[in-house]
Structure formats: structure tokens, C-alpha cells
Amino acid sequence: MQHKVIDTKDVVIRFAGDSGDGMQLTGSLFADMSAIYGNELSTFPDYPAEIRAPHGTVSGVSGFQVHIGSADVNTPGDFCDLLVAMNPAALKANAKWCKPTAMILVDGDAFDEAGMKKAGFKTEDPFTELHVEDRTLLVASITSLTEESLKDFGMDSKAVHKCKNMFTLGMACYIYSRPLEYIYQYLERKFSKKHPEMIEPNKKVLNDGFNYAANVQAIPNTYTVAPAKLKKGTYRNMTGNQATAWGLLAASEKSSLPLFCGSYPITPATAILEELAIHKSLGAKTLQAEDEIAGICTAIGAAFAGNLAVTTTSGPGLSLKSEALGLAVMAELPLVVVDVQRGGPSTGLPTKTEQTDLGQALYGRNGECPIPIVAAHSPANCFDAAFNAAKIALEHMTPVILLSEGFLGNGSEPWRIPSMADYPEIKPPFVDGVLSEGERYYPFQRDPETFVRRWALPGQKGFEHRVGGLEKTHEGVLSTDPANHAMMVAERAAKVQKIADFIPALDVDGPASGKLLVVGWGGTYGHILSAVHELREAGKDVSFAHFDYILPLPKNTAEVFSHFEKVIVCELNSGQFVNYLRGVYPQFDYLQFNKVQGQPFLVSELVSAINEAL
Amino acid sequence: MAYLTFKDFKSDQEVRWCPGCGDHAVLAALQRALPKVSQALNYEKERYVVVSGIGCSSRLPYYMDTYGFHSIHGRATAISTGIKVANPTLTVWQACGDGDALAIGGNHFIHAIRRNIDINIMLFNNQIYGLTKGQYSPTSKFGAITKTSPYGTVEHPFNPGSLVLGAKGTFFARSLDVELKLNEEIMTAAALHDGCSVMEFLTNCVIFNDGAHKSLSDPALRADNTIVLRQGEKMIFGKNKDKGLVYDGKKLRVVRIGEGGFTEEDILVHDAHKDNISIHMALADMKGPDYPVALGVIRDVKDITYDDGVRDQVKDVMVKSKIHSMDELLHSGSTWEVE
Numbered sequence: 231m232q233h234k235v236i237d238t239k240d241v242v243i244r245f246a247g248d249s250g251d252g253m254q255l256t257g258s259l260f261a262d263m264s265a266i267y268g269n270e271l272s273t274f275p276d277y278p279a280e281i282r283a284p285h286g287t288v289s290g291v292s293g294f295q296v297h298i299g300s301a302d303v304n305t306p307g308d309f310c311d312l313l314v315a316m317n318p319a320a321l322k323a324n325a326k327w328c329k330p331t332a333m334i335l336v337d338g339d340a341f342d343e344a345g346m347k348k349a350g351f352k353t354e355d356p357f358t359e360l361h362v363e364d365r366t367l368l369v370a371s372i373t374s375l376t377e378e379s380l381k382d383f384g385m386d387s388k389a390v391h392k393c394k395n396m397f398t399l400g401m402a403c404y405i406y407s408r409p410l411e412y413i414y415q416y417l418e419r420k421f422s423k424k425h426p427e428m429i430e431p432n433k434k435v436l437n438d439g440f441n442y443a444a445n446v447q448a449i450p451n452t453y454t455v456a457p458a459k460l461k462k463g464t465y466r467n468m469t470g471n472q473a474t475a476w477g478l479l480a481a482s483e484k485s486s487l488p489l490f491c492g493s494y495p496i497t498p499a500t501a502i503l504e505e506l507a508i509h510k511s512l513g514a515k516t517l518q519a520e521d522e523i524a525g526i527c528t529a530i531g532a533a534f535a536g537n538l539a540v541t542t543t544s545g546p547g548l549s550l551k552s553e554a555l556g557l558a559v560m561a562e563l564p565l566v567v568v569d570v571q572r573g574g575p576s577t578g579l580p581t582k583t584e585q586t587d588l589g590q591a592l593y594g595r596n597g598e599c600p601i602p603i604v605a606a607h608s609p610a611n612c613f614d615a616a617f618n619a620a621k622i623a624l625e626h627m628t629p630v631i632l633l634s635e636g637f638l639g640n641g642s643e644p645w646r647i648p649s650m651a652d653y654p655e656i657k658p659p660f661v662d663g664v665l666s667e668g669e670r671y672y673p674f675q676r677d678p679e680t681f682v683r684r685w686a687l688p689g690q691k692g693f694e695h696r697v698g699g700l701e702k703t704h705e706g707v708l709s710t711d712p713a714n715h716a717m718m719v720a721e722r723a724a725k726v727q728k729i730a731d732f733i734p735a736l737d738v739d740g741p742a743s744g745k746l747l748v749v750g751w752g753g754t755y756g757h758i759l760s761a762v763h764e765l766r767e768a769g770k771d772v773s774f775a776h777f778d779y780i781l782p783l784p785k786n787t788a789e790v791f792s793h794f795e796k797v798i799v800c801e802l803n804s805g806q807f808v809n810y811l812r813g814v815y816p817q818f819d820y821l822q823f824n825k826v827q828g829q830p831f832l833v834s835e836l837v838s839a840i841n842e843a844l
Numbered sequence: 012m013a014y015l016t017f018k019d020f021k022s023d024q025e026v027r028w029c030p031g032c033g034d035h036a037v038l039a040a041l042q043r044a045l046p047k048v049s050q051a052l053n054y055e056k057e058r059y060v061v062v063s064g065i066g067c068s069s070r071l072p073y074y075m076d077t078y079g080f081h082s083i084h085g086r087a088t089a090i091s092t093g094i095k096v097a098n099p100t101l102t103v104w105q106a107c108g109d110g111d112a113l114a115i116g117g118n119h120f121i122h123a124i125r126r127n128i129d130i131n132i133m134l135f136n137n138q139i140y141g142l143t144k145g146q147y148s149p150t151s152k153f154g155a156i157t158k159t160s161p162y163g164t165v166e167h168p169f170n171p172g173s174l175v176l177g178a179k180g181t182f183f184a185r186s187l188d189v190e191l192k193l194n195e196e197i198m199t200a201a202a203l204h205d206g207c208s209v210m211e212f213l214t215n216c217v218i219f220n221d222g223a224h225k226s227l228s229d230p231a232l233r234a235d236n237t238i239v240l241r242q243g244e245k246m247i248f249g250k251n252k253d254k255g256l257v258y259d260g261k262k263l264r265v266v267r268i269g270e271g272g273f274t275e276e277d278i279l280v281h282d283a284h285k286d287n288i289s290i291h292m293a294l295a296d297m298k299g300p301d302y303p304v305a306l307g308v309i310r311d312v313k314d315i316t317y318d319d320g321v322r323d324q325v326k327d328v329m330v331k332s333k334i335h336s337m338d339e340l341l342h343s344g345s346t347w348e349v350e
């Protein structure tokens, strides 16, 4: 067989196995290595809610998709070029994600009678049964080859089997011409302290996997993916949750206020709390609360005392925090609430991604209770989104909801490290230190331009005042006066709307006028961008506007919309943003494209939906 | 520093509790205790933050001329916790009712005690929901007839003292609304205690549960039905100071001094600072008709506080870590250069 090395623009690899097979690690290592190699990349973990779901079953399959390329990688990719399936269930769950030209690598040892039965195959030929028999099939006895590779190490079989993923990774590295050095270094770092005896076995299996792939003569072609032409600078890989945590820490530094995070663990937001808990050296205090309500209430207390207060959660937790959010609105205290959205309602699909909490963020409280909403649009962008959310909260004395998504929080991409010198200072409206003789501090007196109240902190002499959930006058006195209530309701709403003077205008990707404007918000950015670029390259008259700010909307929103014949809003829910736009700007007709499957958009389905709208 | 007086702690807001409500007396005791606390600990007035949830007693922050936060039902303890962790130099006082702290806010209540966060919780226990006009609470007596239990409740009440000590509380005191002087003493002791101090005040709701604590507060009955515990003093009570508590190895017993071979020598001496919790539990659990109800500081022991722990850990990590700025964090760990 003639072996060819093919240079390709991008490839998508999907690692799938039992949830204990280490596929998340394998995928992340492949991604990190590719990032250092200089590729653009985007990752997407797709894993079950259970830590160790029933072994060998389809519901227990854990997947990690990584898309690497030499240019324009905006998404983790719709379909894969290589599917690694560590058992029959993984093949069954993921065969549908294979391109017609894909390679499928399976551990042949796992395809025994028991494994096939557990995965629910009805015939003896899983490939034909799944209609992928025409793909390039690589059946390698990964389990027994790993056992053979480690036979001289005297390890027990459990420890040996844990190294299977390295054999697989070694094979993938051969197929995509990846150097192994980075993984060697990783293994040394990971095991040097606690399990130095694991370094050599893992290295050996990795190497044997690589050599096996090179020698087996079953792999028709190998591929190279050239480094991307990236802007000069220092880069690192960031997940969205890590970027969110760091963006909040950056806001703490730029406001000179200590960060306080009161949170309760919840998938897929927990990593933010975990990340903040590490960085005590930057003054961050984290409190793992007894419940979601205590998470937000400790944060509100910390805000009253003058910290940059944060609580992190997902949809069900946001529901529990609703009443306290109202308190923060009423007390006009700065607070950042991060909602890493997941499939709902109720417990829903905890590990899957959706944009279905927008309605809750906009309307999910009693009374007239507006809260600014910021949305992150990519894993690395979570840093700026979190920073901006905190800046708005602190400078406008209001809770802010930052909407992230499971897809963003768990996904990762390389990020050119910014310099903090390029970020603005954050200046909360603190009172001047001393009151002049006879002067009194009235907590709800407002700035005439921004309607923002002044912030006095407990401990400041002479500024003693009371805040709380009851309606008050500007002076802070309880009041049920009808006119006062109407005024305060209007002022709280106006304060939020006036934030529009401080946020960037809505940008258009593509011509500023034309036939169709595609509108998105949040984590769909990369998919929509890829779809729109594909269509424009095919000569279609399509532009794209993506919203990072949901409430208030950018001031030029109506102006942007007015230059297009049609507007189509694409989102991962049944139409929550489009219905909001219909309410705010009823003068436009909106088309919509929605998906509520717990999965990101596919670029291909966006392309056909947009084509249909044209 | 000029000494503060009770007037310094009175706000200009009209007190709107019902005439005869027990909350008036607790407020007055607080306004008298805080100047003493300020003097003892050298606290300025601006260091005080008074926090509350929802209910009649939770209006208290409006009547104190201090920083105040009237929050939402049940959540005062969580708000107080956040304030104290954010700024440990503040001294946090919390007013909450039996429904507020033990029903809707029960979770925050026990966890604040477990963490031993340095806040002072004043639990106004009138055994009824007053602000919603007379429904039974988690401390209403079994069989209590209220608006939502017209045929009597069929559930047992909490004894707040048992709950606090069960959660390994480091400070618990109990008193009656009418015991102005004792209340000042208790509040001062709570302020001096580092950790979560819970003070239960048995208050009278004149409208919906009048006389709930009559057997304790009635001057004719008080001496025989209550015992005031003071550090280092014998546990003696009764109109004639002739009754006392002894421990028979298994449980507390009420004895008459001079009867059954018991002399004053045999009577227990109160030690609130003793780490062993079992006697404190037994004292907190006492109730009529067999026992007097214990008043005063029942338990006051030292332990590490949550707020100190958080602060010290941050300091410790700051010293040990190499990362002291965002720029350093951003460039830490695995990075690579693109030329």
C-alpha cells in the first residue's frame, strides 16, 4: 500500500469511550499539544451526568471532540475525520458524527460478545449495522497490545488498562504527525510527585501506540495540519469556566476590591468556584455555601460590606436565587451572577448545553425587577465578558447576570494573553470619605445622569444607613406611597437602560446592509460565523450581528436591523431572544431558527436554515 | 474616643411594634448593651452592622442607628456570614424570629453555627408567626391552636438550644424579653465571644400568642420555673433559693437543699466554658414541670472561627504563592510563544 502524507487545512477528531476510559484527558492532551504546535483549535466535551455510568452502555459513553486547523477554526466541528471508539457502545453513540471520509479506530478486544450485547447490537457486524462499513476501519487490539506493552512492569491489570488511552493517543499522534514530546512532559509533571512509577509505563504505551500505527500498514494516509498564522504573542489554552474565573479576578484587581465568591457546586459551573478557590494569593475569598440561596445571600452580604461579590451557578441554581436577586435589585448592590446554562427545565440535561435560561434571566423574578444581562460568546471571551459584567455591576450599582453555556464553560481554545495594562480601571461610585457638618448621606439619592446611587460601606463614620427589600424613598425611609413606588420602579429601570451609554455598539460582520442579517447571541457565535462565511464565499448576501449585551441592548440595534430586508435569529432555545426582540423592536419582522437538543448548532444545519431564509 | 450611649444607637424611625410586644424590651437591652460593648472592645459605632430577615422582629435594624440590612425571609444568617467574611473588622448583629431562623432559614442557621462564624444571632422566639397574623411556627408547642392549626398542631417543636448545641454551637444563651438586665449581660457576653453566638429571647406576642411564656415570665412563677445560670455560681433556684441541680451520673436532677441528704456542697457549679457539651445539652433541654427552664449563658467555649480561618488562609497563600498579580497569573503554567 502506498503511504501518503497529506497536508490538510483542518481535522476533527472525536475520542469516545466509557466514562472511566480517560477520553476527556486524551482529548485535552491532543488539544493542548496541538495548541503548542501552533494550530487554531476548539474543543467540545460531551459527557454523561454520571461519573461512572453503567460500564459498556451507550448512556455511559463519554466523548471529547477536538478541531484543529491552520486557519478559521471557530467551532469544534460538526462531523469528525477520526472517530476513536474504545468499545461498542462508544461506536454506537458516535458513528453518526463520522464524515463520509472518516477513519474509525476501535479497540477490537472490546468488541466481544458481552460488549456487543451491552451496547445493544443486534448483529455481529457493528459497522454495517450502523451504516459506516464504507469508512476506513482500523480495528486494533488496543487492550491486549497495552497488556503486551506493559508485561514487564509487574502492574496489576486495573493499572494496565488505565494506560489504554495512551496507546490510542499514540496512534492518533502518528496519524496526525504530532510530536510526542509535549505528552512526555505532561506525564512527568502529572506523576512526578505522587506516582513517579507511572511515568515510564505511560510513556512506553504511548510510544508503542505510535509505533504500532506506523508499522501496522492498515493506515492508508497520515496527515499534517500546518501551524496557523497567529498574531504574535504569548498564548495559553483556556476553558470558558477558567476564563470566567480569571475575568472576575481581573475585575477585582482593576477595582481594587477583594473578590468574594459564594457558590454551591452545580454542573457545569462548578469549575469556576474551584478555579477561584485556588487563587487566594490574589485575595479571592470563596465560600462553598450550604445551598444556592446561601451562595447568593453571602455574596449580597459581601457586596454590602464592599467586596466584588460573585455567585456562580447553572439554571436550577438561578431559579433558587431569584428572590435574592430581587433583594440585590432593591438594595441596589453590585453583584455578578454567572449562569453557565445547561439543558432544562428542572434537572434536565446537566452536562449538555443550551441557551434556555435567557427568559429566566430577563423575567424570572417577582415585581418589576430589571437586571443587566451580558453573554459570553466563546471560551476565551468569557474572560472579557466576566470583566465587563463586573465593571457594569460595580459602576452602576446593580446585580448583573452573565450568561455562559456548558459548551463555553467546558470548551477550550487558545488565547493570546492580554496585558492588564490594556484593561480599564473600574471605579465604583464610592462616597467621599467625610460628611460636612449637617450633611446627611441618603442611600438612594441618584446621579442625575446615570441614576446610580452612591456607595457607602459599613465602617465609614457618619454614613450609617439601612438597606433592604422593602420599598424606600431616596432618603432610605420605608414608604408605601404610590407615587414614590412608581418613581423608584421607573428609576431602577432607567438606571439599567442607561448602561447602554457605556457598552459597545453592535458590530456587523459583512456588508452593513443587504438581504439577510443573521442574529445570534452567546455561545453560538463560532458556529454562526462559520456558516455565514461559508455562505458569503458561495456568493450569498448575508451579514451577521452577534449580541454580547442583552439588557440593555446596544443603542444602534434598530439602526443595524433597519438596513436589512430580513432578520433571522438563531439560538439554542425555542425563541427566547427573538421574542424579546419582538417586544423591544416590534417594527421588524423576525425569522427564527431554533434547536433545543442539548447540543450546539451544526454549521451545516445553520447553512441550510439561512439558505432557506434567503 | 467619647463614650457612646444608648441614644447613639436609636434611629429616628418610629418603632412600629404593637404596644406590649416583647421585642421593645429586647431592642432597649441591645441599645443599652452596645455602648458597654463599645467601651469594652473599643468599637466605634460605624463598625456595627445589624442584619435581619423577615418578620416582626426583623424590623429591628430600622430602629438602630447603625449600618443595617433588612433582607429576605430566612436569609439573614447567610447575609451576615457574607458581611463578616468580606470585612471581619465589622461586628455583626442579627435579629431573627423563630419562623425566620428555624423554618425557612433553618439550613443557614445550622450551617452558620457549624462554621462558627463570628456573628451574634438574636433569636426572638414568640412561638408564632406574628407578621402573617397568627400561624404556628417550628417552636409552637405540640397541640397549639392557631389559624393554621385550628384543631391543634400534630408536630413537635424545636428547642432552639438543642438545635444550636446539636450543631456544636460555641455560644448559646437564653433569656426572657422582660429580663432587661440579664439581656444586657447576655448580649455583652455574646459580643465578647469569638464565634457564632446564639441568644434566644423568649418574647411575648400580645396579639397572637399572648402568655405563651407566662409560666416563666410571671413574677409569681419565675423563680420556681426558671434558673438563671451564671459562670462559677451554684445552680440554685426557687423563691426560697432552696432548690438546686445535681448530676447523678446519667442526668440532671432537681433536689431540695437540706432534703434527701443533699447539701449546698452537692449542687452543680455552672461552667459555660467547659468544652464537654453534655451538661450544656442537658441544661438547654430542661423544661417544666419537672425542671426549671435555664436562662443565662449556657455555653461559651473557644474554637476557631470561620472568618479567621478564611482570612488566615488567604494571608498564608499570599505569602507562599508566586502569583501576586493578574499579569503573573496570566503568564503562569503552560504557555507558548507565537513569533
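Going down the list, the sequences are from chains A and B.
In terms of this note's numbering, the first sequence is residues 231 to 844.
In terms of this note's numbering, the second sequence is residues 12 to 350.
Backbone N, C-alpha and C define an ideal beta-carbon position, used for all residues, glycine too.
Given the structure is predicted, the values throughout are model-derived calculations rather than measurements.
- Interface criterion not met: the Cβ of A:V540 is under 7 Å from no Cβ in chain B.
- When DSSP states are grouped into helix, strand and coil, B:N131 belongs to the strand group.
- Counting along the chain, no beta strand (DSSP E) covers A:K388; the unbroken alpha helix (DSSP H) around it starts and ends at S387 to H391.
- Contacts between A:I647 and chain B, judged by CB atoms closer than 8 Å, involve L341, H342 and T346 in chain order.
- The alpha-carbon separation between A:E359 and A:K326 amounts to approximately 12 Å.
- Neighbourhood of A:R696 in chain B, by CB distance below 9 Å: S22, Q24, V61, P72, Y73, M75, T77, Y78, G79, F80 and H81, in chain order.
- Taking one beta carbon from each stretch, the stretch 313 to 332 of chain B and the stretch 84 to 97 of chain B have 3 or more pairs nearer than 8 Å; the two touch.
- Taking 7 Å as the threshold, the shortest C-beta distance from B:A114 to chain A does not fall below it.
- Cβ-Cβ distances below 6 Å link B:S91 to V62, V103, Q105 and I130 in the same chain, with the five nearest sequence neighbours on each side left out; the list follows chain order.
- Against chain B, the CB of A:N537 has a partner CB under 7 Å away; the residue lies at that interface.
- The beta carbon of B:S343 lies closer than 7 Å to those of I334 in the same chain, with the five residues before and after it left out.
- A:K424 sits exposed, since fewer than 16 C-beta atoms from the chains shown fall within 10 Å of its C-beta.
- Flagged as an interface residue toward chain A: B:D338, by a C-beta distance shorter than 7 Å.
- Within the stretch 156 to 180 of chain B, no residue has a Cβ lying closer than 8 Å to any Cβ of chain A.
- A Cβ of chain B is located within less than 7 Å of the beta carbon of A:Y465.
- Taking a cut-off of 8 Å on C-beta distances, the stretch 413 to 430 of chain A does not touch the stretch 439 to 458 of chain A, as fewer than three cross pairs fall below it.
- If you look at A:M333, you'll find it in the beta strand (DSSP E) that goes C328 to D337.
- For the pair A:N640 and A:F274, the Cα-to-Cα distance works out to about 7 Å.
- Listed along chain B, the residues sitting closer than 7 Å to A:D521 by beta-carbon distance are N118.
- Here A:I243 is buried, its C-beta having at least 16 other C-beta atoms within 10 Å.
- In the same chain as A:A615, and ignoring 5 residues on each side of it, the C-beta atoms closer than 8 Å to its own belong to T474, G477, V604, A605, A606, H607, L632, S634 and D778, in chain order.
- Listed in chain order, the non-local C-beta contacts of A:A448 below 6 Å within the same chain comprise L368, local neighbours out to five positions each way being set aside.
- Residue state for A:Y412 is assigned as helix, using DSSP reduced to three classes.
- CA-to-CA, the gap between A:P784 and A:P734 works out to about 7 Å.
- For A:A349, the three-state secondary structure derived from DSSP is coil.
- Those residues of the stretch 684 to 718 of chain A placed with their C-beta closer than 9 Å to a C-beta in chain B are A686, L687, P688, G689, Q690, K691, G692, F693, E694, H695, R696, V697, G698, G699, L700, V707 and L708, ordered along the chain.
- Within the DSSP secondary-structure output, A:T577 pairs in no beta bridge.
- Chain B has a Cβ within less than 7 Å of the Cβ of A:A532.
- Under the 10 Å beta carbon count, A:F660 is surrounded by fewer than 16 other beta carbons and is classified as exposed.
- Pairing A:P564 with A:G663, the inter-Cα distance amounts to about 20 Å.
- A residue is called buried when at least 16 other Cβ atoms come within 10 angstroms of its Cβ; B:V330 does not meet this threshold and is exposed.
- Here A:G290 has D248, S249, P278, E280, R282, A283, P284 and A319 as same chain residues with Cβ atoms under 8 Å from its own Cβ, once five neighbours each way along the sequence are excluded.
- Scanning A:T577, A:L271, A:P741 and A:A723 for the CA closest to the CA of A:R466 turns up A:L271.
- The beta carbon of A:M650 is closer than 8 Å to those of A480, E483 and K484 in its chain, skipping five residues each way along the sequence.
- Listed along chain B is no residue with a C-beta nearer than 8 Å to that of A:A616; the closest approach is about 12 Å.
- The closest CA to that of A:V826, considering only A:G573, A:A402, A:A246 and A:D237, is found on A:G573.
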